[in-house]
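Colleague:
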Ligand code: ADP
Ligand code: MG
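Numbering (full-length UniProt numbering), first residue to last: 1 to 212.
(1) Excluding the five sequence neighbours on either side, which residues of its own chain have a C-beta within less than 6 Å of the C-beta of residue 32, listed in chain order?
(2) Pick helix, strand or coil for residue 34, following the three-state DSSP scheme.
(3) Would you please state the rounded distance, in angstroms, between the beta carbons of residue 88 and residue 128? I believe it to be under 8 Å.
(4) Report the residue ranges of all beta strand (DSSP E) runs contained in full by the segment 132 to 207; include only those spanning at least 3 residues, in chain order.
(5) Can you have a look at residue 61 and say buried or exposed, based on whether 16 or more other CB atoms are within 10 angstroms of its CB?
(6) Would you tell me roughly how many angstroms separate the C-alpha atoms of residue 147 and residue 99, rounded to the nearest one?
(7) If you check the beta carbons only, do residue 29 and residue 64 fall under 8 Å apart?
(8) Taking the continuous alpha helix (DSSP H) assigned at residue 22, which residues delimit it?
(9) So, with DSSP's three-state summary, where would you put residue 120?
(10) What residues in its chain sit with their C-beta under 8 Å from that of residue 91, if we drop five residues either side in the sequence?
(11) Taking DSSP as the reference, what is the three-state secondary structure of residue 63?
(12) How long is the line joining the alpha carbons of residue 50 and residue 140, rounded to whole angstroms?
(13) Is the segment 107 to 118 touching the segment 76 to 87 in the sense that three or more CB pairs, one from each, lie closer than 8 Å?
(14) Measuring alpha carbon to alpha carbon, tell me which of 174, 26, 184 and 67 ends up nearest residue 208.
(15) With DSSP run on the structure shown, which of helix, strand or coil describes residue 95?
(16) So, using beta-carbon positions, are residue 73 and residue 145 closer together than 8 Å?
(17) Figure out for me which residue from 27, 23 and 71 has the closest Cα to the Cα of residue 9.
(18) In this structure, how does DSSP classify residue 211 when only helix, strand and coil are distinguished?
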């Protein structure tokens, strides 16, 4: 029991208190298995079905190491669709609401480009976006990832199904070599293994079948 509590982790107390306020009393199995590794800073592949709590598994890792005073993009989360990116951004904001002045920005396709340029000029700590639009901003120079410490590929199986592999590879070229890469997926097909081998450093594979 006690080893399933968030308080047992190396998390800043403000984050733990906020989790209690949100009613997150115990970690889900994928969180219990992956969060200690994520917090160690190593690369992690987390496989668990929809609803198993994967967002907090990487979201708390991002928030725990964020340096709010350094107003640079430190984390990038890539999601297959705008709806999923919006959900992830909402969850990260909720998890991080006890951290003052934290800026989470979404960059998705299907919405006008101009306002995103304005938002990027104001700066952000965490970007959550879809691959196509993120690559466009990188190519234009409106998004810079020189200070990136964490890269997350969320719903990686769906991103590959949607044909985003070349776009993901292009985005990788803009990220620092010294980064933590986290990959979360509902399934773990061969193509994901191949991608992980190319883009990750000795990743720890964590597979949780049940959601509770
Ligand atoms: P997944 O990405 O694996 O599909 P989500 O991260 O979207 O799952 O989480 C599913 C739901 O469970 C969300 O509503 C989230 O707020 C909630 N949740 C996640 N972790 C916990 C927890 N430890 N305690 C209670 N609720 C949680
Ligand atoms: Mg998810």
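Every residue gets a Cβ at the ideal spot worked out from N, C-alpha and C, and that includes glycine.
Modeller: Quick answer:
(1) 4
(2) helix
(3) 5 Å
(4) 150 to 153 and 180 to 185
(5) buried
(6) 20 Å
(7) no
(8) 13 to 22
(9) helix
(10) 55, 56 and 59
(11) helix
(12) 34 Å
(13) yes
(14) 184
(15) helix
(16) yes
(17) 27
(18) With a pLDDT of 43 at residue 211, under the threshold of 50, the modelled position of that residue is not reliable, and the figure given next carries that caveat. Residue 211: coil per DSSP, three-state reduction.
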